[in-house]
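In this text, residue positions in the sequence shown follow the UniProt record's numbering: the first is 1, and each later residue adds one.
Yeah, the Cβ is synthetic: ideal placement off N, Cα and C, and Gly gets one too.
No experiment lies behind these values; they were computed from the predicted model shown.
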Amino acid sequence: MGYKVNQVRDRMQQWLLAVVLFSTAIEADYKCLCSYQNVTGILEQPTNTSKVNGYMYTTDCRAYFDIPGLDEAYAAVGNENKYGYIRRTSDTLIQTCLGSIPQEQHVTTTPDPTTVPATTTNLSNQAYCTSLLRTSNTRYVTNNGIFCYEYVNRSVSWEAARNDCRNRSGNLLEIESGATNDFIYNFIGNIQYLHPIWIGLHDQINEEAWMWDTGIPLTKTKYTNWVPSRYVDQYHATEDCCVFLWNRLGQWDDVDCDGRSYNEFTSKAYICQFKIPATP
Ligand SMILES: [Ca+2]
Ligand SMILES: [Ca+2]
Numbered sequence: 001m002g003y004k005v006n007q008v009r010d011r012m013q014q015w016l017l018a019v020v021l022f023s024t025a026i027e028a029d030y031k032c033l034c035s036y037q038n039v040t041g042i043l044e045q046p047t048n049t050s051k052v053n054g055y056m057y058t059t060d061c062r063a064y065f066d067i068p069g070l071d072e073a074y075a076a077v078g079n080e081n082k083y084g085y086i087r088r089t090s091d092t093l094i095q096t097c098l099g100s101i102p103q104e105q106h107v108t109t110t111p112d113p114t115t116v117p118a119t120t121t122n123l124s125n126q127a128y129c130t131s132l133l134r135t136s137n138t139r140y141v142t143n144n145g146i147f148c149y150e151y152v153n154r155s156v157s158w159e160a161a162r163n164d165c166r167n168r169s170g171n172l173l174e175i176e177s178g179a180t181n182d183f184i185y186n187f188i189g190n191i192q193y194l195h196p197i198w199i200g201l202h203d204q205i206n207e208e209a210w211m212w213d214t215g216i217p218l219t220k221t222k223y224t225n226w227v228p229s230r231y232v233d234q235y236h237a238t239e240d241c242c243v244f245l246w247n248r249l250g251q252w253d254d255v256d257c258d259g260r261s262y263n264e265f266t267s268k269a270y271i272c273q274f275k276i277p278a279t280p
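Set out below in structure tokens:
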């Protein structure tokens with residue numbers, strides 16, 4: 001009798017595994033870069049002087065590849081089974097494309113080693129970041145270069161978020177490049193938290209003199225990703241704290257520091273960053 005039950009159970013497991021494998025095979029949506037400008041050259045190398053190997057026209061999308069260490073002015077896409085490079089502008093957006101990557105956009109060569117540093121993450125960094133976890137959800141921390149990022153699943157004011165990060169020797173998130181913005185976009189996408197999230201950017205001291213929680217002014221880090229509508233709302237002058245909008249593809253908006261600008265959420269979740277101590 002027990003034998004028979006085991007057999008049935010094994011059958012069930014095999015069947016379930018087949019279903020899971022099959023659904024993974026058809027659920028193959030992929031990250032892509034879409035261009036909303038007239039014509040964009042696809043470059044052979046991520047440089048000004050590169051040869052052009054093809055073109056993207058308005059609303060064309062191509063498989064996008066996140067290459068650590070790539071110059072943030074460029075994004076890598078699949079082109080003729082190699083990496084092609086697109087100069088990033090406000091009209092090039094990273095999105096999710098449906099279906100699977102077209103054959104010609106699969107990349108079969110390894111990228112030019114001069115564009116890729118040996119490694120930006122390593123196992124001991126990841127282990128250090130994991131040691132910061134305050135919940136059982138291992139997706140809430142991740143490692144990016146010399147930083148650990150922790151997503152904190154509480155809804156609080158900007159100041160309370162900042163204080164929590166500082167009390168643990170960290171800071172509210174700083175985003176100094178498009179590459180970091182993409183990284184955070186993916187991190188949040190993986191957690192599937194789709195609402196606005198506090199980041200460390202604020203102009204509470206002088207209106208429009210934006211600075212990060214670390215004290216570094218935005219004019220120094222330079223990279224910005226403002227949502228175009230941030231200037232149009234009537235509360236603009238009292239909006240002194242910033243949120244990261246996953247549902248606007250990672251653009252930023254300034255809102256009330258207690259979160260009132262997004263009516264449905266009076267307070268927000270946030271991301272702390274912690275610098276990984278250098279190993280002696
Ligand atoms: Ca705003
Ligand atoms: Ca302001």
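Through-space distance from Val232 to Glu239, alpha-carbon basis = 12 Å
ask   = Is Ser229 helix, strand or coil by DSSP?
value = Helix, per DSSP.
request  = Select from Tyr30, Ser157, Glu208, Arg88 the residue whose C-alpha is nearest the C-alpha of Cys97.
outcome  = Tyr30
Member of Gln103, Tyr55, Pro102 whose CA lies at the smallest distance from the CA of Ile86 = Measuring from the Cα of Ile86, the nearest candidate turns out to be Tyr55.
key: Among Leu93, Tyr57, Glu44, Thr89, the one whose alpha carbon lies nearest that of Gln82   = It should be pointed out that residue 82 corresponds to Lys in this sequence rather than to Gln. Ranking Leu93, Tyr57, Glu44, Thr89 by Cα distance to Lys82 puts Glu44 first.
task = Determine which residues share a DSSP beta bridge with Val156 and list them.
result = Lys268
ask   = Just how far apart, CA to CA, sit Phe65 and Val107?
value = 9 Å
request  = Find the nearest neighbour of Asn190 within the set Thr142, Gln273, Pro46, Gly69, judged by alpha-carbon distance.
outcome  = Thr142
query = Comparing the CB of Asp203 with every heavy atom of ligand 2, is any distance shorter than 7 Å?
reply = yes
For Cys97: DSSP bridge partner residues = Tyr30
task = Find the nearest neighbour of Asp258 within the set Trp158, Thr221, Thr214, judged by alpha-carbon distance.
result = Trp158
message = Let's test the definition: count the other Cβ atoms within 10 Å of the Cβ of Glu207 and tell me whether it reaches 16, buried, or not, exposed.
response = Exposed is the call here.
ask   = What alpha helix (DSSP H) runs, 4 residues minimum, are completely inside the segment 150 to 222?
value = 158 to 167, 178 to 191, 218 to 221
query = If you draw a straight line from the C-alpha of Glu176 to the C-alpha of Trp212, how long is it?
reply = 10 Å
query = Excluding five sequence neighbours on each side, which residues of the same chain lie with their C-beta closer than 6 Å to the C-beta of Lys51?
reply = Excluding residues within five positions, the ones whose Cβ falls inside 6 Å are Glu44.
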